[in-house]
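Engineer: Counting in the UniProt record's numbering, the sequence shown runs from 1 upward without gaps.
Here a beta-carbon is modelled for each residue, glycine too, at the ideal position from N, C-alpha and C.
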Amino acid sequence: MDVRGKPTQCLTDCDNVHKILSHRRFNPEWNNLYENHPADILGACYNCRELKIKFRDDNGNVINDNKSRVIAIDGACSENGRQEARAAFGIYFGDKAYDNCSGFVPENIPQTNQVAELIAAIEALKIMEEYLDKDIKNGVARSPDRYTCKVLIIIDSAYVVNGATNWIFKWKENGFKTSTGKPVTNRELFEELDYLIKKFNYFEIPVWFWHVKREFNKSADAMARIPLYGEQEVPVLVPVVRDYKRFSEMRRR
Numbered sequence: 001m002d003v004r005g006k007p008t009q010c011l012t013d014c015d016n017v018h019k020i021l022s023h024r025r026f027n028p029e030w031n032n033l034y035e036n037h038p039a040d041i042l043g044a045c046y047n048c049r050e051l052k053i054k055f056r057d058d059n060g061n062v063i064n065d066n067k068s069r070v071i072a073i074d075g076a077c078s079e080n081g082r083q084e085a086r087a088a089f090g091i092y093f094g095d096k097a098y099d100n101c102s103g104f105v106p107e108n109i110p111q112t113n114q115v116a117e118l119i120a121a122i123e124a125l126k127i128m129e130e131y132l133d134k135d136i137k138n139g140v141a142r143s144p145d146r147y148t149c150k151v152l153i154i155i156d157s158a159y160v161v162n163g164a165t166n167w168i169f170k171w172k173e174n175g176f177k178t179s180t181g182k183p184v185t186n187r188e189l190f191e192e193l194d195y196l197i198k199k200f201n202y203f204e205i206p207v208w209f210w211h212v213k214r215e216f217n218k219s220a221d222a223m224a225r226i227p228l229y230g231e232q233e234v235p236v237l238v239p240v241v242r243d244y245k246r247f248s249e250m251r252r253r
């Protein structure tokens, strides 16, 4: 397989996944189920309600990759750009999933929307890190019995996606200076995010960032608004279904 092409097989094959660890930016067209909507390639576990990557198996059946973990994240900020600004983050694993959470950005760091989005990414990976650390402790971090083989983060922030998948490598080379020679804003947060990604990569677990339109990230957006504005109606990104063939047919009508 040419890693510069479409690593379709690696979406479902843990043995080959190390070949595409360098692909931090997710391309939905890697998956032949994708048409134009995240639900084309996302499913939800019937038991835990967590989002999963869907794929077509060798028999032509569309099933969930139960070793995948899909996390939608977002940040929100009231009075963004003003002294009284307050920022918060939201993390969505699925409809009523156990690990769904939201919270305020710590008061000792800048209260901006971009910081909130970075904190969301970091906190999402910290949740996953807890499961990884358990696998490490139990000696299964590299075995088929581990908790996950791949992590897909859904976000509508070009800033976070570009920073984590592209800019970070250039910043490391030039001492974390921008193209104009100025210090990189939010350097510490990007470095922490990069550290977490590399920790997963060390155990051959890719961390992908999928940049989606805002309309496809309403679930995480609602989660991020809860600390700032109180309870929100959290839209279901992908419903829990048993029959994906029937579900796909209904979506096309």
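Count the other CB atoms within 10 Å of the CB of VAL140; is the residue buried (16 or more) or exposed (fewer)?
Structural biologist: For this step, residue 140 is matched to residue 140 along the sequence shown. Per the 10 Å Cβ criterion, exposed.
Engineer: Quick one: using the 10 Å Cβ neighbour count with 16 as the cut-off for buried, is GLU173 buried or exposed?
Structural biologist: For the purposes of this step, residue 173 is taken as residue 173 along the sequence shown, with counting starting at 1. With fewer than 16 Cβ atoms within 10 Å of its Cβ, GLU173 is classed as exposed.
Engineer: Could you check what DSSP says for ASP65 in three-state terms: helix, strand or coil?
Structural biologist: Residue 65 sits at position 65 when you count from the first residue of the sequence shown. Three-state DSSP puts ASP65 in a strand.
Engineer: Could you name the residues of the same chain whose beta carbon sits closer than 8 angstroms to that of GLN232, not counting the 5 residues immediately before and after it, in chain order?
Structural biologist: Working through the sequence shown from its first residue, we reach residue 232 at position 232. Around GLN232: ALA222, MET223, ARG225 and ILE226.
Engineer: Within its chain, find whatever has a CB closer than 8 angstroms to the CB of GLU117; leave out the 5 residues flanking it on each side and keep chain order.
Structural biologist: Here residue 117 refers to the residue found at position 117 when the sequence shown is read from its first residue. Closer than 8 angstroms at the Cβ level, and outside the excluded window around GLU117, lie ILE73, ASP74, GLY75, PHE89, ILE155, SER157, TYR159 and VAL160.
Engineer: Short check: CB of GLU50 to CB of ALA97, under 7 angstroms?
Structural biologist: Along the sequence shown, read from residue 1 onward, the residue named residue 50 stands at position 50. Along the sequence shown, read from residue 1 onward, the residue named residue 97 stands at position 97. Contact: yes.
Engineer: Which of the three DSSP states is assigned to LEU118 in this structure?
Structural biologist: Taking the first residue of the sequence shown as 1, we reach residue 118 at position 118. Correct three-state label for LEU118: helix.
Engineer: Let me know the secondary structure DSSP gives SER219 once reduced to three states.
Structural biologist: Start at 1 with the first residue of the sequence shown, and residue 219 comes out as number 219. Helix.
Engineer: Taking 7 angstroms as the threshold (C-beta atoms), are LYS52 and SER68 in contact?
Structural biologist: By 1-based counting over the sequence shown, the position of residue 68 is 68. By 1-based counting over the sequence shown, the position of residue 52 is 52. Taking 7 angstroms as the Cβ cut-off, SER68 and LYS52 qualify as a contacting pair.
Engineer: Can you tell me where the beta strand (DSSP E) with VAL151 in it begins and where it stops?
Structural biologist: Here residue 151 refers to the residue found at position 151 of the sequence shown. Unbroken beta strand (DSSP E) run through VAL151: 150-155.
Engineer: By the DSSP assignment, the alpha helix (DSSP H) with ARG187 in it spans what residues?
Structural biologist: Walking along the sequence shown from the start, residue 187 turns up at place 187. Here the alpha helix (DSSP H) through ARG187 covers 187-202.
Engineer: Assign LYS126 to one of two classes, buried (16 or more other C-beta atoms within 10 Å of its C-beta) or exposed (fewer than that).
Structural biologist: Here residue 126 corresponds to residue number 126 of the sequence shown, with the count starting at 1. LYS126 should be labelled exposed.
Engineer: From ASP57, VAL105, THR112 and VAL236, pick the residue whose C-alpha is nearest to that of GLN83; which is it?
Structural biologist: What you label residue 83 is simply residue 83 of the sequence shown in a count that begins at 1. If we check each option's Cα against that of GLN83, THR112 comes out closest.
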